[in-house]
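Its first residue numbered 1209, the sequence shown is counted upward by one per residue in my numbering.
Think of the CB as a built atom: it goes at the ideal place given N, C-alpha and C, for glycine as much as any other residue.
In this text the structure is predicted, and so the values were computed from the model without any measurement.
Take a look at the structure below.
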Amino acid sequence: MSASNSSEVGRALAEALAAVEAAASLDELKAARIAHEGDRSPLAQASAEIGTLPPAERAETGRRVGAARSELREALSRRQAQLEAERDQQVLVTEAVDVTLPSARVPRGARHPVTMLADRLSDVFIAMGYEVAEGPEVEAEWYNFDALNIPPDHPAREMQDTLFVAGSEGDSGMVLRTHTSPVQIRSLLTRPLPLYVVSPGRVYRNEAIDATHSPVFHQIEGLAVDEGLTMADLRGAIQAFVDAMFGVGLRTRFRPDYFPFTEPSGDVAMECHVCRGASAKPGGEPCRVCKSSGWIEIAGCGMVNPRVLVACGIDPDRYSGFAFGLGVERGLMIAHGVTDIRDTMDGDVRFSRAFGMEL
Ligand code: FA5
């Protein structure tokens, strides 16, 4: 186009204004701006051409092209403002948030009831001055059996069906611990005396799963070694524990049992917290929780066998101790009337929810 040709300048301006008007979005307006106001646009070229015109034509042409360009600039900025206002209006509509709609709730995670109970059981002993001790789940046979007075050929080894860890050349000497009692040995070997520890943890047994047995479950173990400890101290600790868990007033009962690492050994039962022994009395209502026996077995226990103390380099003439161990899932089942241990492990939140949320 020729800058001096007024009708060409007028046409370029008209085309530019039409393009600006036709732009329906900010992107389209940007394209129109590049095409009609950019360096290669007809009006910009006309402007560049002015210097090449004969001097007499320059002023008039310059005025005309300048006026056209400023009219275009104004049209562009007007349209820009319009389109921005339209966009803002649209955003208000399309991105409107209805704050009255129910939110998509992501429930907060919580600790599992078995973990909560294990913590609560530990807390009872921590309050009595015990420390928490932990050990590995893949354990050396020596800790799991030998140091606990269960040598390789001892029939007691059969009492706990063991899962052995294969080594590269057969026997690795390692097992998945069958109970938390190896933590007794680890504690006796590493901690100073007197010693009061409680050890919650996961244990494994080569057992078929049924309503009351699982191949993976949790135990909590207590161990006290001090000068002059007797069975009376063991009874006192167990009674304090039952009082703390179920409220004061339930009696405990000790009966002889056998564990190689305690001598004498016993099993502890507490009076049924549901019927309080009434179901076992003549004419009493039947009780599902204690099967109308009036008692619920809660733990194995005993005085630490002097052979265990000797294996850990402790003088059994000076020190004595007591120990006890109980199953956490079984404890949960007793306390809350859970009839199938599988409910504690199949991960259904409806089960956990019944115990409330504790983070
Ligand atoms: C022991 O494991 C001993 N270490 C307990 C002990 C510790 C005695 C310290 C003396 C001194 P036992 O094998 O009975 O004992 O297991 C203890 C508890 O674990 C049982 O009373 C029961 O509550 C729980 N338990 C045992 N086997 C299973 C299983 N397969 N599934 C769920 N709980 C189990």
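Simplified DSSP assignment, three categories, for residue i
| i | result |
| --- | --- |
| Phe1469 | coil |
| Thr1552 | helix |
| Phe1333 | helix |
| His1426 | strand |
| Ile1446 | helix |
| Leu1397 | helix |
| Val1305 | coil |
| Phe1563 | coil |
| Leu1356 | helix |
| Arg1328 | helix |
| Glu1339 | strand |
| Glu1435 | strand |
| Val1411 | strand |
| Ser1278 | helix |
| Gly1457 | coil |
| Ser1380 | strand |
| Val1546 | coil |
| Gly1317 | coil |
| Ala1264 | helix |
| Ala1312 | coil |
| Glu1292 | helix |
| Glu1349 | helix |
| Ala1440 | helix |
| Ala1220 | helix |
| Ala1452 | helix |
| Ala1374 | strand |
| Ala1419 | coil |
Residue i: CB within 7 angstroms of a non-hydrogen atom of the ligand FA5
| i | result |
| --- | --- |
| Ala1531 | yes |
| Ile1393 | no |
| Ile1428 | no |
| Thr1470 | yes |
| His1362 | no |
| Ile1542 | no |
| Leu1442 | no |
| Phe1467 | yes |
| Arg1413 | yes |
| Cys1509 | yes |
| Glu1537 | yes |
| Ser1380 | no |
| Ser1501 | no |
| Ser1473 | yes |
| His1421 | yes |
| Leu1396 | no |
| Leu1534 | yes |
| Phe1425 | yes |
| Ile1549 | yes |
| His1387 | yes |
Distance cut-off 7 angstroms: residue i Cβ against heavy atoms of the ligand ADP
| i | result |
| --- | --- |
| Ser1249 | Ligands present in the displayed structure are limited to the ligand FA5, and the ligand ADP is not among them. |
Pair every Cβ in the region 1235 to 1255 with every Cβ in the region 1312 to 1325, then say whether three or more of these pairs are closer than 8 angstroms. no
Inter-stretch contact at 8 angstroms, needing at least 3 Cβ pairs: the region 1353 to 1362 / the region 1481 to 1496: no
Along the chain, which unbroken stretches of the alpha helix (DSSP H) at least 4 residues long are found entirely within the region 1224 to 1261? 1234 to 1245, 1250 to 1257
Touch test, the region 1224 to 1240 against the region 1285 to 1299, Cβ-Cβ under 8 angstroms, three pairs minimum: yes
Would the region 1501 to 1515 and the region 1436 to 1447 be scored as touching if the rule is three or more Cβ pairs under 8 angstroms? yes
Can you find at least 3 beta carbon pairs, one from the region 1341 to 1354 and one from the region 1378 to 1389, that sit closer than 8 angstroms? yes
Is it true that the region 1544 to 1558 meets the region 1301 to 1314, where meeting means three or more beta-carbon pairs spaced less than 8 angstroms apart? no
Can you check the region 1461 to 1528 for any beta strand (DSSP E) of at least 3 residues that lies completely inside it and give the ranges in chain order? 1470 to 1479, 1503 to 1512
With contact counted as at least three CB pairs below 8 angstroms, one residue from each stretch, are the region 1399 to 1411 and the region 1490 to 1508 in contact? no
Counting Cβ pairs, one atom from each stretch, are 3 or more of them under 8 angstroms apart for the region 1264 to 1284 and the region 1385 to 1399? no
Decide if the region 1395 to 1407 is in contact with the region 1331 to 1348; the criterion is three or more beta carbon pairs, one per stretch, under 8 angstroms apart. yes
Is there contact here, the region 1523 to 1538 with the region 1423 to 1431, by at least three beta-carbon pairs under 8 angstroms? yes
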